[in-house]
Each structure stands twice: as C-alpha cells, then as structure tokens.
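For the working numbering, add 1113 to where a residue sits in the sequence shown, where the first one is 1.
Idealized CB from N, CA, C, for every residue including glycine.
Below: the structure, in structure tokens.
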Amino acid sequence: MSSSTLPAKRSCPFALAQEWLAQGRAVAFATVVGTGGRSPRPLGSIMVMDDSGRVEGSVSGGCVEADVMSIAKEVMSGAPPCVRSYGGEEVGLWSVGLACGGRLDVFVEAVRSPRSPEGTFPAELLPRITDRRAKGEPQAIGAAFDGSRHALLGGEGTLFCPDGEVPSPIVDIMTDRVATGEAGAVSPTMTPDWFVQLLMPAPRLLIVGAVHIAQVLAAMAANAGYDVTIIDPRTSLATPERFPGVRLVDDWPDDALSAARPDRMTAIVTLTHDSKLDDPALMEALKGPAFYIGALGSRGTQASRLQRLREAGVSDTSLQRIRGPVGLPIGAVDVEEIAISIMADIVAVRRGAPLAKGISWWSPRKVKA
C-alpha cells in the first residue's frame, strides 16, 4: 500500500489555535451556543481568531462576524469571556441583526497564553483535542460560561478537568453525547451557565477509482471538510500528480475498504465502471454502517450490477442502500457537473434532506430474477 497525505483544506479550529499560539499570538474562540428561528449557523459552529486579525470559521455566515471579532479583541486583551445574543425581538439584545430573522447566542473566550494571561480556555486542552481528532475519535467539551471550569471527555471515557471539578449533570451529558454522536452544542436547563459541545472527527469519503470524476470530487469533498481517500490498484492512475494532497491506497478495493473500517461518518463511492473492482468494493461496503454508498453508471448498468450482487448473495434490503446512478438527478453532463451532483447527494443524505429522501434509487422491478 502506498499513500500521499496532506491535511484537508478546511483546517481544524483547535489545530489552528495551537499553531497560532506556537507563533506567540493571542487566540480566542467564538462558539454558537444557542439558536432560535431560522438561525444561519447550527449549534456548535466555531470561529477562531488571533490578535493579528486572522480568522477561520464562521458563526453566522457574515452577519455578526465583525462584531464578534471586536469582542474577541477585547477578550484577548483581558476582558472576561462573555455570551452575546444577536437577532430576535427580546428587549436587551444587541443591535447587530441577522438577515434571516433568527437568533444566535455566541460564547467568546480567549485561550490562556503568555499573550493572554487572563484567558480562560486551557491551552493544554488543544493537543489532546487535535491528537484525538487525528485518530478519528469523538470527544466532548464542557465549559462554564464564566470561563472558570472546562472538561474534555474522550471516546474512551477519559475525563480531563484542568481547572476544577465539573458538575455531574454536565459529565452525564458529555458521556451521552459521545456515546450517541449527537452533534452540536447544548446549554442544559439544569445548569444554564454551562454548555456541552460534541467534537466529531471529520467525515470520510472513500472513492474507489482514480478516474477524472474522482479528481474533481476529491477536491470538492476536501473543501467541504471531508477526509478523502482514493482507492485504486491501478498505480498509473492513482498518482500524487493527479491527486495532490489526497491519500492514495493501491490495494484492491475490497481489501482497502475492509482495512479502512467504514463507520457511520463514512461515504463510499465507486467510480471505476469495472465490475471486477466495483462489485467487490460494494459488497464490502454493505457490510458496514457507512451513511452513503453510491455507484457510478447508467440505469442499465445499475440494474446489471444489482443482478450480479443478488446472484452473489446480497439481499434486496442491502441492495437498497446503493444509490445508483450516483448523484442527484440535476441533468449533469460533464465531469465537473457529475462531481457536483455526487457531492450534493452525499450532503443531502448526511443531513437528512427531503431532496435525498424523495428519490427512489432502486426498484425490484429493475432486477430480473
């Protein structure tokens, strides 16, 4: 097996914070800890900033970022952490509005460092978070809104509390979030001065076939925050030159998928048009809980493929998991459009969008007994 690996193009905010701290900068986080109405960003969205003006991430898509950055500068200069609310009609809310008419509660906190000695977020949490993320482990952060206490719970159940005891209800919620994988952040009603945030590893996209569509799809998925792997034993196609910065695996697809151990945060797409590669890959993919399994090809190709898999012993129930022809039916013609349709379908399935649920990809009438 050979590989060529670079990080995904969307950087982890905690890794960036660690990098900026190493450069001697002050750093602050802004996290969406409450929403209402048509909120522009979901609970748990994070923006990271430093005192030189660098910023990554978003808490509103542009509506309140400038105000949040102004608050962050104050917090990095010694002001206490705070929660600011935007939007809505309640008396006392800040005047900065949201175009969508929703509401956001944003928690702003500086990282404790030589440049921000009064910062409250413990810098020692950062390497623990990034190490676990690199290993693909879920984890949860618990924090008090006054910045006095923090906790980090790993998927293995280890609780790290660098600045004091954490209320047991918060630990219970952290444990439950890690166990269930329930995303986002929550401010519990029994301890309203705390919030809990689940940090899931980046979703994965395993692409079988180092073809032209894969080149476009891989770049698109990396920009969307996916950890991308190209699987193809044809080493003349799966090259670092054709896939710069993408992990390459030259094992046979079924062996590679078995080794990758797809989980419920994994999408798998077969693009080779070669049944010797695609069929074993799909059979292996169906053994696991991947949230998305798609296969390139026309409706005729898909019908033939399903027939072969049925004859190989795959059940009709399992066959219904294969989305083919892969991609949303947007009339895509060229490679770039096909890649867009595939990526859009992956997102729609992952987010449970009605558009994805309303499409029937498989019918037993298409497969002759």
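Rounded distance between the beta-carbons of residue j and residue i, thought under 8 Å
i, j, result
"ALA1461", "LEU1441", "7 Å"
"ILE1381", "ALA1369", "With a Cβ gap of about 11 Å, ILE1381 and ALA1369 do not count as contacting."
"VAL1196", "ALA1223", "Not quite, the Cβ-Cβ distance comes to about 14 Å (not below 8 Å), so this is no contact."
"ARG1360", "GLY1407", "The pair is not a contact, with the Cβ atoms about 19 Å apart (cut-off 8 Å)."
"THR1288", "LEU1217", "The Cβ separation is near 27 Å, so there is no contact."
"PHE1142", "PRO1126", "7 Å"
"VAL1321", "ILE1344", "5 Å"
Buried versus exposed, by CB contacts within 10 Å (16 or more), residue i
i, result
"SER1173", "buried"
"VAL1279", "buried"
"ALA1351", "buried"
"ASP1392", "buried"
"PRO1153", "buried"
"ASP1458", "buried"
"PRO1438", "buried"
"GLY1410", "buried"
Three-state secondary structure assigned by DSSP to residue i
i, result
"PHE1258", "coil"
"ARG1154", "coil"
"GLY1413", "helix"
"TRP1307", "strand"
"ALA1380", "strand"
"VAL1279", "coil"
"ILE1451", "helix"
"ALA1408", "strand"
"GLU1169", "strand"
Residue range of the unbroken beta strand (DSSP E) whose run includes residue i
i, result
"ALA1315", "From DSSP, ALA1315 is part of no beta strand (DSSP E); its letter is neither H nor E."
"SER1300", "Note, SER1300: premise wrong, no beta strand (DSSP E); not H, not E."
"VAL1161", "1159-1163"
Cross-strand partners of residue i (DSSP beta bridge)
i, result
"LEU1266", "ALA1253 and LEU1272"
"SER1229", "For SER1229, which the question treats as bridged, DSSP gives no partner whatsoever."
"SER1198", "ASP1218"
"ARG1360", "THR1342"
"ARG1321", "The sequence given here places Val at residue 1321; Arg does not occur at that position. Bridge partners of VAL1321: ILE1344 and THR1383."
"THR1148", "LEU1217"
Terminal residues of the alpha helix (DSSP H) in which residue i lies
i, result
"PHE1127", "1126-1135"
"ARG1245", "1238-1247"
"PRO1366", "1366-1373"
"ILE1184", "1178-1189"
"SER1431", "1429-1432"
"ALA1483", "Lying outside 1114 to 1482, the shown extent of the chain, residue 1483 is not represented and no answer is given."
"SER1388", "1388-1398"
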